[in-house]
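Enquirer: First the structure, then my questions, so here it is.
In the working numbering, the protein residues as written are 1 to 271.
See the structure below:
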């Protein structure tokens, strides 16, 4: 029995290790003084100041420092998302999706901020803004779950999340919201390289529902943005799904026989 338990746990070893690290860091935050807490946040932030001074370790450190609400609220949902992805995509693919989304979205946001500060669109103080958390990686993993969705509903899934992510970046207006949209798109692009048969069970479908709700909460920050994301997400899902249906229908129409250029006779099909 112990062997079976260990065997099952080994299938989600990244999730176990990562969640254990988040619990450890969050526990330390509860024990230190507010000044020490703020100092850790600043040193782990992937902001322009740290990266311009060569502190590239923040690209990794920032994924283990979470400030988003109480641990007991978001941890079960994040666990559902990571466990589901690791069971379907396996450990290596999950790690690729997570870190491509986390690092890739961070670098895109930093480059955009650097350009905005250079031309005077944003104040210099933004170079010291704190930017930590797991949201970029988590949303990239959610995007990577595209590979597990059936081909029939995959266009609607992509249309929903990409539209919701883009409207979140527009309505939210902050660099973190833009990073969320970039992370989602990166996750969807990474999923295009994943090919693996998927067996859905009621439990895994329930986990997908929880993971999707968690992803939506990461994108939305207030009631106004929620309504906009729901509306544009639904619109994007319908439009992309219809486009995919039309494309499949056109490909399914058999080509009409072409008459012989000399005799004008129709070609004869033989078996």
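Quick reminder that beta carbons are idealized off the backbone N, C-alpha and C, glycines included.
#1: Measuring CA to CA, which of 56, 20, 200 and 178 is closest to residue 43?
#2: Compute the beta-carbon to beta-carbon distance between residue 165 and residue 180, rounded to the nearest angstrom, for a pair I have assumed lies under 8 Å.
#3: Residue 235 to residue 80, Cα distance in whole Å?
#4: In whole angstroms, give me the CA-to-CA distance for residue 18 and residue 64.
#5: Less than 9 Å between the C-beta atoms of residue 128 and residue 37, yes or no?
#6: Measure how close the beta-carbons of residue 144 and residue 89 come, nearest whole angstrom, since I'm counting them as under 8 Å.
#7: Would DSSP call residue 229 helix, strand or coil?
#8: Is it right to say residue 102 is buried, meaning 16 or more other beta carbons lie within 10 angstroms of its own, or is it exposed?
#9: To the nearest angstrom, report how far apart residue 265 and residue 202 are at their CA atoms.
#10: Under the rule that 16 or more other beta-carbon atoms within 10 Å means buried, what is residue 93, buried or exposed?
#11: Taking residue 23 as the reference, which of 75, 8 and 155 has the closest Cα?
#12: For a test of the three-state rule: what should DSSP assign to residue 47, helix, strand or coil?
#13: Considering only their Cβ atoms, is the gap separating residue 108 from residue 140 smaller than 9 Å?
#14: Helix, strand or coil: how does DSSP classify residue 194 here?
#15: Helix, strand or coil: how does DSSP classify residue 66 here?
#16: Do residue 169 and residue 177 have their beta-carbon atoms positioned less than 9 Å apart in this structure?
#17: To the nearest whole angstrom, what separates the beta carbons of residue 153 and residue 184, a pair I think is in contact under 8 Å?
#18: Out of 138, 130, 115 and 125, point me to the one whose CA is closest to residue 322's CA.
#19: Classify residue 21 as buried or exposed, calling it buried when 16 or more other Cβ atoms lie within 10 Å of its own Cβ.
#20: Could you check if residue 121 is buried or exposed, using at least 16 other CB atoms within 10 Å of its CB as the buried criterion?
#21: By alpha-carbon positions, which one of 29, 67 and 87 ends up nearest to residue 9?
#22: Measure how close the beta-carbons of residue 295 and residue 14 come, nearest whole angstrom, since I'm counting them as under 8 Å.
#23: Please check the pair residue 132 and residue 52, which I expect to be a contact at CB under 8 Å, by giving their CB distance rounded to whole angstroms.
#24: What separation, rounded to the nearest whole angstrom, lies between the Cα atoms of residue 327 and residue 91?
#25: Can you tell me the Cα-Cα spacing of residue 25 and residue 135, whole angstroms?
#26: Indicate whether residue 156 and residue 237 have their beta-carbon atoms separated by less than 9 Å.
Expert: For this structure:
#1: To locate residue 43, count along the chain shown from 1; it is residue 43. Considering only alpha carbons, the answer is 56.
#2: Taking the chain shown and counting its residues from 1, the one referred to as residue 165 is at position 165. Taking the chain shown and counting its residues from 1, the one referred to as residue 180 is at position 180. Confirmed, Cβ separation roughly 6 Å.
#3: The residue labelled residue 235 in the question sits at position 235 within the chain shown. The residue labelled residue 80 in the question sits at position 80 within the chain shown. Spanning the two alpha carbons is a distance of roughly 27 Å.
#4: For the purposes of this step, residue 18 is taken as residue 18 along the chain shown, with counting starting at 1. For the purposes of this step, residue 64 is taken as residue 64 along the chain shown, with counting starting at 1. When rounded, the distance between both Cα atoms is 8 Å.
#5: On the chain shown, position 128 is the one that residue 128 refers to. On the chain shown, position 37 is the one that residue 37 refers to. In terms of Cβ geometry, residue 128 and residue 37 do not form a close pair [threshold 9 Å].
#6: As a working mapping, residue 144 is identified with position 144 in the chain shown. As a working mapping, residue 89 is identified with position 89 in the chain shown. The Cβ separation is near 6 Å, so the contact holds.
#7: Walking along the chain shown from the start, residue 229 turns up at place 229. It is helical.
#8: Sequence index remark: in the chain shown, residue 102 carries index 102 (1-based). Burial call: buried.
#9: The residue labelled residue 265 in the question sits at position 265 within the chain shown. The residue labelled residue 202 in the question sits at position 202 within the chain shown. Reliability of the predicted coordinates at residue 265 is poor, the pLDDT of 48 falling under 50, and the value obtained from them is presented with this limitation in mind. Taking the straight line joining both Cα atoms gives about 57 Å.
#10: For the purposes of this step, residue 93 is identified with residue 93 of the chain shown, where counting begins at 1. Here residue 93 is buried: its Cβ has 16 or more other Cβ atoms, across all protein chains shown, within 10 Å.
#11: Position 23 of the chain shown, counted from the first residue, corresponds to residue 23. Per the Cα distances, 75.
#12: On the chain shown, residue 47 is found 47 positions in, with the first residue counted as 1. DSSP places residue 47 outside both helix and strand once states are collapsed to three, so it counts as coil.
#13: By 1-based counting over the chain shown, the position of residue 140 is 140. By 1-based counting over the chain shown, the position of residue 108 is 108. Not a contact, by the Cβ cut-off of 9 Å.
#14: For the purposes of this step, residue 194 is taken as residue 194 along the chain shown, with counting starting at 1. Coil, per DSSP.
#15: As a first step, residue 66 must be located in the chain shown, where it is residue number 66. Of the three classes helix, strand and coil, the one that applies to residue 66 here is coil, per DSSP.
#16: Residue numbering aside, residue 177 sits at position 177 when the chain shown is read from its first letter. Residue numbering aside, residue 169 sits at position 169 when the chain shown is read from its first letter. Yes. Within cutoff.
#17: Position 153 of the chain shown, counting from 1, holds the residue named residue 153. Position 184 of the chain shown, counting from 1, holds the residue named residue 184. About 17 Å separates the beta carbons of residue 153 and residue 184, which is beyond the 8 Å limit, so they are not a contact pair.
#18: The structure shown does not extend to residue 322, since the chain spans only 1 to 271, so no value can be given for it.
#19: For the purposes of this step, residue 21 is identified with residue 21 of the chain shown, where counting begins at 1. Under this definition residue 21 is an exposed residue.
#20: On the chain shown, position 121 is the one that residue 121 refers to. In this structure residue 121 is exposed. Its beta-carbon is surrounded by fewer than 16 other beta-carbon atoms within 10 angstroms.
#21: The count along the chain shown starts at 1 and reaches residue 9 at position 9. Looking at the Cα atoms, 87 is the closest of the given residues.
#22: In the structure as shown, the chain begins at 1 and stops at 271. Residue 295 is therefore absent and cannot be evaluated.
#23: For this step, residue 132 is matched to residue 132 along the chain shown. For this step, residue 52 is matched to residue 52 along the chain shown. That pair is no contact at about 17 Å.
#24: With the chain running from 1 to 271 in the structure shown, residue 327 is simply not present.
#25: Start at 1 with the first residue of the chain shown, and residue 25 comes out as number 25. Start at 1 with the first residue of the chain shown, and residue 135 comes out as number 135. So the alpha carbons of these two residues sit roughly 16 Å apart.
#26: The residue given as residue 156 occupies position 156 in the chain shown. The residue given as residue 237 occupies position 237 in the chain shown. Going by C-beta atoms, residue 156 is nearer than 9 Å to residue 237.
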